[in-house]
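S.K.: Chains as they are written, first to last, in this note's numbering: chain X, 732 to 1121; chain U, 732 to 1121. Got a structure for you, written out below as structure tokens; questions coming shortly.
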């Protein structure tokens, strides 16, 4: 059932422990579902209750803990030995009396780690304020350190096997985007187009099926394209609609995000012009990318490429992505924006996504890419254009 | 664009303020996306960055805050006046330098609420440990109180309009379940069946389309049915597979969860027997439910109904549900289990879900229901049985 060799998980663990030592952390409590998966293989929709993976410098294997009814899931999907899968009873679930972090503290005590320097993923969804306060309350002394993004940064460089899965996800993304472009038309219910998109995401290709994506298909129309993160509603497409498509493929939890834009009818000159500018900027920026340049230099290249046009883009133009769970396929490490001096290195995967949201409509055309030894390679083969259906 | 009359939102706000007063909270910082939606209408996939709604006793309208690029989304989907929609600049996003909770504190200062008793949703996903520490750091004195579940409890009683949406979601859930039962068969790829399920969820009915569900279709097979929360994998169904189906319909973010089980081939006697016991227990329990009984009495009725059988169920057998976003359609208020003395009242909606996960396989048959004036009414019309495909 494992998607990777055990040796690959162990190598990830080795790198994680190295990073822990650099930050003075002896035990790391991993609660980010993507990080839990990355280190152990664990893959279940159980992150709506508290769970985690404990990594201790002095222990070879991590410990998975979660709800009892999910522990068989950990036995099935992880490489951990049975005694490192620890379920808590159901009275810990959404209780006002007992909290699962007390169970985690009991485990820390059992392995003699309750007085060691503990790192927690401080700003991760699923590590709530209550989790933090419960740990502070239950631990004998307050030794809690910020262990945010330790595993995320290890994740930022992809292995050959990970890149294979990203390529499979990209094949799905191409089918998904084609399905969307084909399905959207005047008189079609937006929900029927979205249904086709979902179907394409999961049915995948003739060779392999797909997995659920960490972000739903973002496919707003008309005025709803003036903002990020809205999607379909219960209406029919009309002539004059802009439709933004921020879609994806997913395989074994590895993603391929991809954005394009459709216009129904004869596009206004302003939209045509914006499309031209954005695609020009996108092409120029991709040409620039290679190992050794920084994230902010990539953004600067984009900004210079579109200078003098009417396009203004104030938010970041891309971010690291890969393995993930809802609500985000981004890795929360690299952002293409001023101030991010991360040096790009081979094996990094970034979604270049210069989304434009104006007062009345928007435009999106994006490319996910891999930093290679000499430059970058885009993952997806799909025309960079405004798709016009007249 | 609003799914409810403004007066209904205002009534929700009134009840929320009443509950705040009872808990000594003058300002409530709402970060649960379902609670944000419930009070303001806000509906976007933007909860992967920090955002919130501020409710102050001394202010008529809440304030929405979030990322700048999402603020047009708030203008489109909420009933709030423009000056109560406040976007933060992109340098707050996933930054190691600035945190969006500092922006929230600036807003609290602006409205003269930074020294008032502040409630936060302490154990809600999306309110991270870092959020809590940032508020403690930025506020002039530590006045933070636990405001967990204040809005969730207001949500527990549904209005007529909410019940209408729950009924629409239920029509979708029936189609979704039928699609699953029809699609699953020996030799079919699990991903193709899952694709059909997604398609049915979103295409909905001839009258209305559906929305994305807060939980993916949970549809594991074979050994993977021995645990909760796994789903399809890239394999074909085989003779002898048990397939669990924990599916749903969703309309305007209101859900209809529904579980059934399929067996491919001639079911083993043990599975047949478990199905019989569970369905008997389910029927008995539904007969018992009426206003005035407690959540734990419902569980007790179930436990007595299955006593003496080989079915043992150690986890809760149901929970409140309704409006929600990933990762959960549950409301985190009522749990059908020992110790929960919540008195059932008309308008409450609960998913009775006695999932059974044994060492080698599982069985699920559930019913979402509405507590009525005299008893309860199930939302979904779908046969309660083990679906056998020979």
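Where is the CB? At the ideal position from N, CA and C, for every residue including glycine. As the structure is a prediction and not an experimental result, all values here were calculated from the model.
So residue 770 of chain U and residue 907 of chain U are in contact, right, with Cβ under 8 Å, and what is the actual spacing, rounded?
M.R.: The pair is not a contact, with the Cβ atoms about 29 Å apart (cut-off 8 Å).
S.K.: DSSP three-state label for residue 1082 of chain X, please.
M.R.: Note: residue 1082 of chain X maps to strand in three-state DSSP.
S.K.: Would a C-beta distance cut-off of 9 Å place residue 975 of chain X and residue 1113 of chain X closer than the cut-off?
M.R.: Against a cut-off of 9 Å, the Cβ pair of residue 1113 of chain X and residue 975 of chain X comes out as no contact.
S.K.: Unbroken alpha helix (DSSP H) runs of length 4 or more, entirely within the stretch 773 to 858 of chain X: which are they?
M.R.: Fully enclosed alpha helix (DSSP H) runs of 4 or longer: 799 to 808, 831 to 841.
S.K.: Can you pull the chain U neighbours of residue 886 of chain X, defined as C-beta to C-beta under 9 Å?
M.R.: Here the premise fails: no neighbours, minimum Cβ distance about 15 Å.
S.K.: Under 7 Å Cβ to Cβ from residue 998 of chain U, same chain only, skipping five residues before and after it: list those, please.
M.R.: Answer for residue 998 of chain U: 1117, 1119, listed in chain order.
S.K.: So, at 6 Å on beta carbons, what are the nonlocal neighbours of residue 914 of chain U in its own chain, with the 5 sequence-adjacent residues on each side left out?
M.R.: These residues qualify, in order along the chain: 924, 927.
S.K.: At what residues does the alpha helix (DSSP H) containing residue 914 of chain U begin and finish?
M.R.: Element bounds for residue 914 of chain U: 891 to 914.
S.K.: From which residue to which residue does the alpha helix (DSSP H) around residue 883 of chain U run?
M.R.: Its alpha helix (DSSP H) spans residues 881 to 886.
S.K.: Restricting to runs no shorter than 3 residues, where is the beta strand (DSSP E) found entirely within the stretch 994 to 1081 of chain U?
M.R.: Counting only runs of 3 or more, we get 1049 to 1052, 1061 to 1066.
S.K.: What residues in the stretch 1037 to 1053 of chain U have a beta carbon less than 9 Å from any beta carbon of chain X?
M.R.: If the cut-off is 9 Å between Cβ atoms, the stretch 1037 to 1053 of chain U has 1045, 1046, 1047, 1050 near chain X.
S.K.: Can you give me the start and stop residues for the alpha helix (DSSP H) that residue 764 of chain U sits inside?
M.R.: Taken as a continuous stretch (DSSP letters only), the alpha helix (DSSP H) holding residue 764 of chain U covers 764 to 771.
S.K.: Hey, residue 898 of chain X and residue 1062 of chain X are a contact pair by Cβ (cut 8 Å); roughly how many whole angstroms apart?
M.R.: The Cβ separation is near 18 Å, so there is no contact.
S.K.: Does residue 1129 of chain X come within less than 9 Å of chain U when only Cβ atoms are used?
M.R.: Lying outside 732 to 1121, the shown extent of chain X, residue 1129 of chain X is not represented and no answer is given.
S.K.: Beta carbons nearer than 9 Å to chain X: which residues of the stretch 800 to 817 of chain U have them?
M.R.: Going along the stretch 800 to 817 of chain U in chain order, one finds 800, 801, 802, 803, 804, 805, 806, 807, 808 with a Cβ nearer than 9 Å to chain X.
S.K.: Can residue 807 of chain X and residue 1017 of chain U be called in contact, C-beta distance under 9 Å?
M.R.: Contact: no.
S.K.: Would you list, in chain order, the members of the stretch 925 to 941 of chain X that have their beta-carbon closer than 9 Å to a beta-carbon of chain U?
M.R.: Those would be 925, 926, 927, 928, 929, 930, 931, 932, 933, 934, 935, 939, 940, 941, in chain order.
S.K.: Name the chain C residues that come within less than 7 Å of residue 954 of chain U, Cβ to Cβ?
M.R.: Protein chains in the displayed structure are X and U, and chain C is not among them.
S.K.: According to DSSP, is residue 1096 of chain U part of a helix, a strand, or is it coil?
M.R.: In this structure, residue 1096 of chain U counts as coil in the three-state DSSP scheme.
S.K.: Under 6 Å Cβ to Cβ from residue 787 of chain X, same chain only, skipping five residues before and after it: list those, please.
M.R.: These residues qualify, in order along the chain: 758, 844.
S.K.: How far does the alpha helix (DSSP H) with residue 934 of chain U in it extend, from its first residue to its last?
M.R.: 921 to 934 is the extent of the alpha helix (DSSP H) around residue 934 of chain U.
S.K.: Is the Cβ of residue 902 of chain U closer than 9 Å to any Cβ of chain X?
M.R.: It does not; no Cβ of chain X falls within 9 Å.
S.K.: Contact defined as beta carbons within less than 8 Å: I believe residue 1082 of chain U pairs with residue 1049 of chain U. What is the distance between those atoms, to the nearest angstrom?
M.R.: Right, the Cβ-Cβ distance comes to about 6 Å (below 8 Å), so this counts as a contact.
S.K.: According to DSSP, is residue 960 of chain U helix, strand or coil?
M.R.: Residue 960 of chain U falls in the coil class under three-state DSSP.
S.K.: Roughly how many angstroms separate the alpha carbons of residue 797 of chain U and residue 1001 of chain X, rounded to a whole number?
M.R.: Between residue 797 of chain U and residue 1001 of chain X, the C-alpha separation is close to 28 Å.
S.K.: So, under 8 Å CB-CB, residue 982 of chain U and residue 900 of chain U are touching, yes? Tell me the CB distance rounded to an integer number of Å.
M.R.: Sure, about 4 Å apart at Cβ, within 8 Å.
S.K.: Can you find a C-beta in chain U that's less than 9 Å from the C-beta of residue 896 of chain X?
M.R.: Judged by the 9 Å Cβ criterion, residue 896 of chain X is not in contact with chain U.
S.K.: Please identify, using Cβ separations under 9 Å, the residues of the stretch 765 to 791 of chain X that lie next to chain U, in order along the chain.
M.R.: Within the stretch 765 to 791 of chain X, the residues whose Cβ lies closer than 9 Å to some Cβ of chain U are 774, 775, 776, 777, 778, 779, 780, 781, listed in chain order.
S.K.: Do we get a CB-CB distance below 9 Å when we pair residue 830 of chain U with the residues of chain X?
M.R.: Yes, residue 830 of chain U lies at the interface with chain X (some Cβ there is under 9 Å from its Cβ).
S.K.: Note the first and the last residue of the continuous alpha helix (DSSP H) segment covering residue 747 of chain U.
M.R.: Where residue 747 of chain U is concerned, the enclosing alpha helix (DSSP H) stretches over 737 to 753.
S.K.: I'd like to check one pair, residue 977 of chain X with residue 946 of chain X: are the Cβ atoms closer than 9 Å?
M.R.: Their beta carbons are under 9 Å apart, which means residue 946 of chain X touches residue 977 of chain X by this criterion.
S.K.: Any idea if residue 814 of chain X is buried or exposed, counting beta-carbon neighbours within 10 angstroms, 16 or more meaning buried?
M.R.: Exposed, by the Cβ-count rule.
S.K.: Nearest by alpha-carbon distance to residue 1069 of chain X: which of U:790, U:810, U:820, U:753 is it?
M.R.: The residue with the shortest Cα to Cα distance from residue 1069 of chain X is U:820.
S.K.: Give a yes or no on whether the C-beta atoms belonging to residue 1072 of chain X and residue 1032 of chain X are separated by under 9 Å.
M.R.: The answer is no: Cβ separation not under 9 Å.
S.K.: So which of X:1014, X:841, X:840, X:1038 has the shortest CA-CA distance to residue 1108 of chain X?
M.R.: Per the Cα distances, X:1014.
S.K.: Mind listing the chain X neighbours of residue 851 of chain U? Cutoff is C-beta to C-beta under 9 Å, in chain order.
M.R.: What residue 851 of chain U touches in chain X: 860.
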